[in-house]
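Novice: Sharing a structure, written as structure tokens. Questions coming.
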Amino acid sequence: MIIIFLRALIMFTVLLVVIRLMGKRQIGEMEPFELVITLVIADLACIPVSDRTVPLTFGIVGILTMFVIHQLILLLSKNMRMQNILSGKPVMVVDKSGINTYALHRLNMQVNDLLQALRTTNHFSLEEILYAIMETNGQLTVVENKQITEKQQTLPVPVIMQGKWDEDDISRNGIDKNKVQALLKKRKIKLSHVVFLAVDEKNRMTLQTKNRSISFENIEGEKLIK
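When you read off a place in the sequence shown, starting at 1, and then add 19, the result is the number in my numbering.
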């Protein structure tokens, strides 16, 4: 037990020094290569601590190797082309035309994933933003629409996303699908062509189709949300 305690203590000290030298960024702020190196280092540290037949120096050498690789990659990243290869490029997922579905596809994201990311930036409506950029570290950067003087007071309810009904939100908010279908029919829009459709309690609709830019309008007539 004393041997395991000492091995763990030594490995903790080595890890602490290496991680401090690598920087203080949190997991959610790491570039892809930094996350990979961190995961490998964690695995290298566990093996010699849990298995006494493995020399402690094996784990230390492995960890120091990962540190050297990290420093080399940082050096290579000073070249813009290499940085793009190693970390990728920021991707604009929302522009003045609305949601960039091609960009989402490249990032293996769905519209619902984008909405969740927007909510983490305290933006609940696409009308509040002009641009949204997915950074290489997974963080979403938002450029607000300054013409919107007040923040969204009611939460828009997703009704259709990427040509499919959002059954959970429709049922939870008592939305009449027949009324929504009538709206689409009036505008000669097929369900499969809808990228995103949402409504709020004030009967304000957000609509984007494959062939049209995003639009925001007040719906006349009966309220869609009970």
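Don't be surprised by glycine CBs; every beta carbon is placed ideally from N, CA and C.
#1: Pick from Asp114, Ser190, Thr57, Asp132: whose alpha carbon is nearest that of methionine 41?
#2: Taking the continuous beta strand (DSSP E) assigned at aspartate 114, which residues delimit it?
#3: Between Lys209, Ile244, His212, which has its C-alpha nearest methionine 224's C-alpha?
#4: Whose CA, out of Thr173, Arg125, Ile167, Leu174, lies closest to the CA of threonine 155?
#5: Between which two residues does the alpha helix (DSSP H) carrying proline 175 extend?
#6: Run through DSSP, which three-state label would leucine 243 get?
#7: Evaluate the contact criterion for the stretch 66-86 versus the stretch 104-122: three or more CB pairs, one atom per stretch, below 8 Å.
#8: Taking only the alpha-carbon atoms, compute the straight-line gap between methionine 49 and serine 69 and give it to the nearest angstrom.
#9: Ignoring anything shorter than 3 residues or poking outside the stretch 181-236, list the beta strand (DSSP E) runs there in chain order.
#10: Terminal residues of the continuous alpha helix (DSSP H) containing lysine 53?
#11: Exposed or buried, which one is serine 144 when buried takes at least 16 other CB atoms within 10 Å?
#12: Buried or exposed: which applies to threonine 228, given that a residue is buried once 16 or more other Cβ atoms fall within 10 Å of its Cβ?
#13: If you draw a straight line from the C-alpha of threonine 173 to the C-alpha of serine 232, how long is it?
#14: For the stretch 185-193 against the stretch 133-150, do three or more pairs of beta-carbon atoms, one drawn from each stretch, fall closer than 8 Å, so that the two count as touching?
#15: Is the beta carbon of isoleucine 66 less than 8 Å from the beta carbon of methionine 111?
#16: With H, G and I counted as helix, E and B as strand and the rest as coil, what does DSSP make of methionine 85?
#17: Helix, strand or coil for valine 73? Go by DSSP, reduced to three states.
#18: Could you give the first and the last residue of the continuous alpha helix (DSSP H) run that contains methionine 30?
#19: Inspect the beta-carbon positions of valine 214 and valine 130 and report whether they are closer than 8 Å.
Specialist: Taking the coordinates as given:
#1: Walking along the sequence shown from the start, residue 41 turns up at place 22. With distances taken between Cα atoms, methionine 41 lies closest to Thr57.
#2: As a working mapping, residue 114 is identified with position 95 in the sequence shown. Aspartate 114 -> beta strand (DSSP E) spans 110-114.
#3: Taking the first residue of the sequence shown as 1, we reach residue 224 at position 205. Comparing Cα-Cα distances from methionine 224 to each of Lys209, Ile244, His212, the minimum goes to Ile244.
#4: As a working note, residue 155 is residue 136 in the sequence shown. Of the listed residues, the one whose Cα sits closest to threonine 155 is Arg125.
#5: In the sequence shown, the residue the question calls residue 175 occupies position 156. Element bounds for proline 175: n/a, residue is neither H nor E.
#6: By 1-based counting over the sequence shown, the position of residue 243 is 224. In this structure, leucine 243 counts as coil in the three-state DSSP scheme.
#7: no
#8: In the sequence shown, residue 49 corresponds to position 30, counting from 1. In the sequence shown, residue 69 corresponds to position 50, counting from 1. Methionine 49 and serine 69: Cα-Cα distance of roughly 28 Å.
#9: 213-218, 223-228
#10: Working through the sequence shown from its first residue, we reach residue 53 at position 34. Per the sequence shown, the amino acid found at residue 53 is glutamate instead of lysine. Here the alpha helix (DSSP H) through glutamate 53 covers 51-69.
#11: As a first step, residue 144 must be located in the sequence shown, where it is residue number 125. It is buried - the Cβ of serine 144 has at least 16 other Cβ atoms within 10 Å.
#12: Taking the first residue of the sequence shown as position 1, residue 228 is located at position 209. It is buried - the Cβ of threonine 228 has at least 16 other Cβ atoms within 10 Å.
#13: As a working note, residue 173 is residue 154 in the sequence shown. As a working note, residue 232 is residue 213 in the sequence shown. Whole-angstrom Cα-Cα distance: 23 Å.
#14: no
#15: Locating residue 66 in the sequence shown gives position 47, where the first residue counts as 1. Locating residue 111 in the sequence shown gives position 92, where the first residue counts as 1. No, Cβ-Cβ distance for isoleucine 66 and methionine 111 is not below 8 Å.
#16: Working through the sequence shown from its first residue, we reach residue 85 at position 66. Helix, per DSSP.
#17: Looking up residue 73 in the sequence shown gives position 54. Note: valine 73 maps to coil in three-state DSSP.
#18: If you number the sequence shown from 1, residue 30 lands on position 11. Here the alpha helix (DSSP H) through methionine 30 covers 21-41.
#19: Your numbering for residue 214 matches position 195 in the sequence shown. Your numbering for residue 130 matches position 111 in the sequence shown. Yes, the pair counts as a contact, with Cβ atoms nearer than the cut-off.
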